[in-house]
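Residue numbers (my numbering): 1281 to 1515. A short write-up of the structure that comes next.
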Amino acid sequence: MKFSRQGKLIFSTADPVCAAQILNLEKIQETPVSTGVTFENITERFHIFDIPTNLQLSELADEIMNKNDMERICPLCGVNHEGQCQGPEKCILCNGPHSATSKICPRHTLEQKILEFKCRNHLTIGEARRLCTQSSKTHYSDAAKINTTAPNIEEIVNQRVESIVRNITTKMEQQTNLLIEIFQKTIENLVQYLVTVFHQTDLKKSPNRKRQMINLVPPTINPMQWDAGGSNTSN
């Protein structure tokens, strides 16, 4: 047990019971705390955050022991007693003829396999435990064969971006086609309107317009006196 450089309290343990007790801590010295777990190969370390750092480790250890409402069990014989253990060894985890801290304990071996399975497949401890203990007949090798590959985040993001770009391109093409269609209809209507106006203008023109203009000239003026420029010349 020691302090880290970030002001966290670090517990190093290989006992799953102790690990469960540490992870269930909520208060130390009436200060709310939060716990987390990190792994170094197979060895786990538990971090406690937001604790008063001006206290000695012995005081914190006494506080944790006093706040622990679980019964103290001897790891050698699995019985609650005072003084040195005199009884035969008995594991409280599997009831085998060995101590609870022995590495030959099946529970200890299972926890090691769960941690290794978690680290190799980048899973949470809950997912790894569920896959390794979902059936009593399931072995570690069988659980390792299960496809637990995490999804490729980059590939998923690229697919979503391509889908968004494709949708935007489709919408832009639809809007462009709609604008082109509206523009073509507007041009066609304008051309039809201009043709109609020109046609009506041609109909309003009289074929005898020039003859009527000549008839308006006074009879005293000889029509031969008008030149091409429209000016009057006298003899």
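Where is the CB? At the ideal position from N, CA and C, for every residue including glycine.
Helix, strand or coil: which one does DSSP assign to residue i?
{"i": "T1404", "result": "coil"}
{"i": "K1370", "result": "coil"}
{"i": "P1377", "result": "coil"}
{"i": "I1262", "result": "The structure shown does not extend to residue 1262, since the chain spans only 1281 to 1515, so no value can be given for it."}
{"i": "I1394", "result": "helix"}
{"i": "K1460", "result": "A small correction: the amino acid at residue 1460 is Ile; Lys does not occupy that position in the sequence shown. Residue state, collapsed to three classes: helix."}
{"i": "I1353", "result": "coil"}
Would you tell me roughly how many angstroms separate the C-alpha atoms of residue i and residue j, rounded to the nearest one?
{"i": "E1351", "j": "L1390", "result": "24 Å"}
{"i": "S1416", "j": "A1408", "result": "Because S1416 carries a pLDDT of 46, less than 50, the predicted location of this residue cannot be relied on, and no value is offered for it."}
{"i": "R1387", "j": "H1378", "result": "12 Å"}
{"i": "C1298", "j": "I1384", "result": "18 Å"}
{"i": "T1450", "j": "S1443", "result": "11 Å"}
{"i": "I1462", "j": "E1434", "result": "42 Å"}
{"i": "M1452", "j": "I1436", "result": "24 Å"}
{"i": "Q1439", "j": "G1376", "result": "54 Å"}
{"i": "K1465", "j": "T1481", "result": "24 Å"}
{"i": "F1291", "j": "N1432", "result": "34 Å"}
{"i": "T1293", "j": "N1447", "result": "54 Å"}
{"i": "Q1301", "j": "T1381", "result": "16 Å"}
{"i": "E1343", "j": "I1353", "result": "18 Å"}
{"i": "L1289", "j": "V1441", "result": "43 Å"}
{"i": "N1238", "j": "C1374", "result": "Shown here, the chain extends from 1281 to 1515; a query on residue 1238 therefore has no answer."}
Provide the residue span of the beta strand (DSSP E) that contains residue i, from first to last.
{"i": "S1382", "result": "Element bounds for S1382: n/a, residue is neither H nor E."}
{"i": "L1289", "result": "1289-1293"}
How about residue i and residue j: do their beta carbons lie closer than 8 Å?
{"i": "I1308", "j": "L1340", "result": "yes"}
{"i": "L1303", "j": "T1315", "result": "yes"}
Cβ pair count under 8 Å reaching 3, the stretch 1367-1387 against the stretch 1351-1358
yes
Stretch-stretch touch, CB-based, cutoff 8 Å, three pairs: the stretch 1406-1414 with the stretch 1381-1398
yes
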